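Novice: Residue numbers (the numbering used here), protein chains in the order written: chain A, 211 to 321; chain B, 211 to 321.
In this text, a Cβ means the ideal position worked out from N, Cα and C, and glycines have one as well.
Computed from a predicted model, the values in this text were never measured in an experiment.
There are 2 protein chains.
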Amino acid sequence: MRLAYRMWLDADGRAFGEGPAALLDLVRTEGSLSKAAARLGMSYNKAWRTLHAAEQRLGFPLLDRHIGGEHGGGSRLSDRGEELLMRYQALHADADREMRRLFEEHFSDWP
Amino acid sequence: MRLAYRMWLDADGRAFGEGPAALLDLVRTEGSLSKAAARLGMSYNKAWRTLHAAEQRLGFPLLDRHIGGEHGGGSRLSDRGEELLMRYQALHADADREMRRLFEEHFSDWP
Chain A
211 MRLAYRMWLD ADGRAFGEGP AALLDLVRTE GSLSKAAARL GMSYNKAWRT LHAAEQRLGF
271 PLLDRHIGGE HGGGSRLSDR GEELLMRYQA LHADADREMR RLFEEHFSDW P
Chain B
211 MRLAYRMWLD ADGRAFGEGP AALLDLVRTE GSLSKAAARL GMSYNKAWRT LHAAEQRLGF
271 PLLDRHIGGE HGGGSRLSDR GEELLMRYQA LHADADREMR RLFEEHFSDW P
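Below is the structure:
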């Protein structure tokens with residue numbers, strides 16, 4: 211038996227959780243939302259809607275979108291998107307550690 | 211903005227989380243699964259299936275069922291069900307506190 215959990219930032223509804231975080235993390239390395247979506251086996255449309263919904267709840271853009279240009283379209287994180295992702299990932303890493311510790315504390319001697 | 215989360219015990223799949231815990235907690239005070247289900251606005255059938263699925267994953271009964279008898283049917287928690295619920299609730303209370311603390315730590319100065 212193990213402890214599992216999901217966490218998300220809530221702003222009058224689910225605003226930012228695993229889905230948007232995974233997409234932003236991949237946009238950071240891949241440089242485009244379509245490549246990020248592909249890496250997750252997600253359609254571009256689904257990825258776009260996922261981030262759009264998060265942006266609506268949060269009230270600020272997560273991506274700076276560069277449409278067209280010399281190398282075609284691409285995306286990178288907005289400054290606030292970058293900051294949010296960094297904080298979310300740091301919080302998530304701490305939460306993972308705490309949840310493991312608490313499970314151990316309460317269930318290590320579970321028969 | 212606030213941090214929300216859901217936790218559950220996993221045993222080759224979701225075995226025990228908010229739903230079963232809320233039902234068991236009410237069986238403890240109400241003395242019957244049908245009354246517990248009613249308090250949650252849940253059908254008896256749904257409540258029974260929820261606990262049955264948890265019992266299948268966990269591999270032990272959560273309820274001692276008393277069918278018939280002087281006062282009609284009733285249920286109380288099995289010893290292991292009681293022990294599991296106590297530990298789950300204690301873990302959950304600690305997790306609530308830790309998650310609030312971590313959110314404060316990482317997001318108190320979020321603009």
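1) Give the residues of chain B in contact with Ala214(A), contact being defined as C-beta atoms less than 8 angstroms apart.
2) Could you list the residues in the segment 302-316 of chain A with a C-beta less than 8 angstroms from some C-beta on chain B, going in chain order?
3) Is Met211(A) close to chain B, meaning its C-beta is less than 8 angstroms from at least one C-beta of that chain?
4) Of all the options Glu265(B), Pro321(B), Leu243(B), which has the alpha carbon lying nearest to the alpha carbon of Asn255(B)?
5) Pull up the DSSP beta-bridge partners for Arg159(A), would you.
6) Please confirm if Ala300(B) has its CB atom under 8 angstroms from at least one CB of chain A.
7) In this structure, does DSSP put Gly284(A) in helix, strand or coil?
8) Verify the CB distance criterion: does Arg297(B) have a CB-CB separation below 8 angstroms to chain A?
9) Less than 8 angstroms between C-beta atoms, sequence neighbours within five positions excluded: which residues of the same chain meet that for Leu322(B)?
10) How many angstroms separate the CA atom of Ala246(A) from the CA atom of Glu240(A)?
11) May I have the straight-line CA-CA distance separating Leu213(A) from Arg310(A), to the nearest angstrom?
12) DSSP on Asp319(B), reduced to helix/strand/coil?
13) Would you call Gly269(B) buried or exposed, if buried means 16 or more other Cβ atoms sit within 10 Å of its Cβ?
14) I'd like to confirm the pairing. Which residues does DSSP put opposite Asp274(B) in its beta bridges?
15) Check Leu213(B) in the structure and name its three-state DSSP category.
16) Measuring CA to CA, which of Arg297(A), Phe313(A), Asp306(A), Asp304(A) is closest to His302(B)?
17) Counting along the chain, where does the alpha helix (DSSP H) carrying Ser244(B) start and finish?
18) On a CA-only basis, which of Trp258(B), Gly227(B), Glu293(B), Phe317(B) is nearest Ala300(A)? Give me that one, please.
Specialist: For this structure:
1) Met217, Trp218, Leu219, Asp220, Arg224
2) Asp304, Ala305, Glu308, Met309, Leu312, Phe313, Glu315, His316
3) yes
4) Leu243(B)
5) Any property of residue 159(A) remains undetermined from this structure, which presents chain A solely from 211 to 321.
6) yes
7) strand
8) yes
9) In the structure as shown, chain B starts at 211 and stops at 321, and residue 322(B) therefore has no counterpart that could be examined.
10) 6 angstroms
11) 7 angstroms
12) coil
13) exposed
14) Arg286(B)
15) strand
16) Phe313(A)
17) 243-249
18) Phe317(B)
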